[in-house]
Every structure is written in structure tokens, then in C-alpha cells.
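Note that this note's numbering has the sequence shown beginning at 3, numbered continuously upward.
Beta carbons are placed, not taken as given, at the ideal position from N, Cα and C, and that holds for glycine.
Everything numeric in this text was worked out from a predicted model, so none of it was measured.
A short write-up of the structure that comes next.
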Amino acid sequence: REDLNAIDEALGIKRLTEEFDLTHEAVAKILGKSRSAVTNLQRLLLLAPPVQQMLREQKLDMGHARSLLGADLARQLDLAKRIVALGLTVRETESLVGSVSARSARPRTRKAESDKDTINLQEQLADKLGIPVRILHSKKGAGKITLSYSSLDELDIILSKLRS
3 REDLNAIDEA LGIKRLTEEF DLTHEAVAKI LGKSRSAVTN LQRLLLLAPP VQQMLREQKL
63 DMGHARSLLG ADLARQLDLA KRIVALGLTV RETESLVGSV SARSARPRTR KAESDKDTIN
123 LQEQLADKLG IPVRILHSKK GAGKITLSYS SLDELDIILS KLRS
């Protein structure tokens, strides 16, 4: 189809990479896109689900959404609502996300890596739990898993799923 929104395209790419074990490079050749375009599309699946929905509904465009990837999952929806309410350009969005991230950033010794396996694991956990999941790890093997929820009821559901 030609009328796919960015999230539907990203889901299609995810399916191709998982079901057929294709690399982003191979998917890019099939779709006639650059590898970076394919990677950027799939990264949109790391957005908080309500922000993905805003992208589906064309309240945000892909440039805005990609900028939001730089924000914590917990802040993405608030930032997305501000972007829409203020009618910000992509450049203004990048500045907003950068300023919010800079204010909340804690010093880190080094940036964690996100390889294909980590991203796939992140997506599998997100699918199983029904919430955004972020996995960060270092080359030494240490890391953390972040589960984002929007209410205590949602937390109870997550805990039930983890216990079963």
C-alpha cells in the first residue's frame, strides 16, 4: 500500500526483520529506501504508545516524532501535546526536547548501546507486557530495563503479567 502512516510502515519493517530475519539494509533494498530511513522508521516503535497514536492520526509528523525519541518515555506524551498545541516546527521541537533533556540529564559515564538484538528483545517485552520497555546495557554486560506505565492500575496489570 502507498497510504501507510509511519507507524504502520515501521510495523511492516519490524515484521520483515523478525519473520524473515532480514537486516535493515536488506529491507531498505526491498522497499527502495535508504538503510537510515528504514532504521529511523523502526525506531518510531520505541515511542510511547499514545505518541505513536498521534503520529498515526497525523497530529505529529515523522520529524517531530523522531525528535521525541530523545526524551524519556514518561515525558514524550507531554512534549507531544505541547508541540501540537504550540504548532512547533521540527527545529523548534528539537530545541524543546534538547532543553528538557538537558535539564533532566544525569551525568552518564558512557552511552549505552542498542544493537539489533537489544531492540528486538525490547520490542518482544513491550509486546508481551503491553507497555513501552527500554533496555540499556554496556559492553561490560551491566544494564537496566525500564518499564513505563501511566497509572497504578496499569502497574498492577504489569506486575500480574510478570508474576505469571
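Segment limits, alpha helix (DSSP H) that includes residue i
| i | result |
| --- | --- |
| L164 | L154 to R165 |
| L79 | L75 to L88 |
| L127 | K118 to L131 |
Buried or exposed by the 16-neighbour rule on C-beta atoms within 10 Å, applied to residue i
| i | result |
| --- | --- |
| A128 | buried |
| T91 | exposed |
| Q126 | exposed |
DSSP state of residue i mapped onto helix, strand, coil
| i | result |
| --- | --- |
| G100 | helix |
| T95 | helix |
C-beta atoms of residue i and residue j nearer than 8 Å
| i | j | result |
| --- | --- | --- |
| R77 | V102 | yes |
| L98 | A82 | no |
| K16 | L48 | no |
| A30 | A39 | yes |
| I9 | Q60 | no |
Span of the beta strand (DSSP E), counted from its first residue to its last, around residue i
| i | result |
| --- | --- |
| G145 | G145 to L149 |
| L138 | V135 to H139 |
Presumed contact (8 Å Cβ cut-off) between residue i and residue j, rounded CB distance
| i | j | result |
| --- | --- | --- |
| I137 | L149 | With 8 Å as the limit, I137 and L149 do not qualify as a contact, their Cβ atoms being about 10 Å apart. |
| P134 | L75 | 5 Å |
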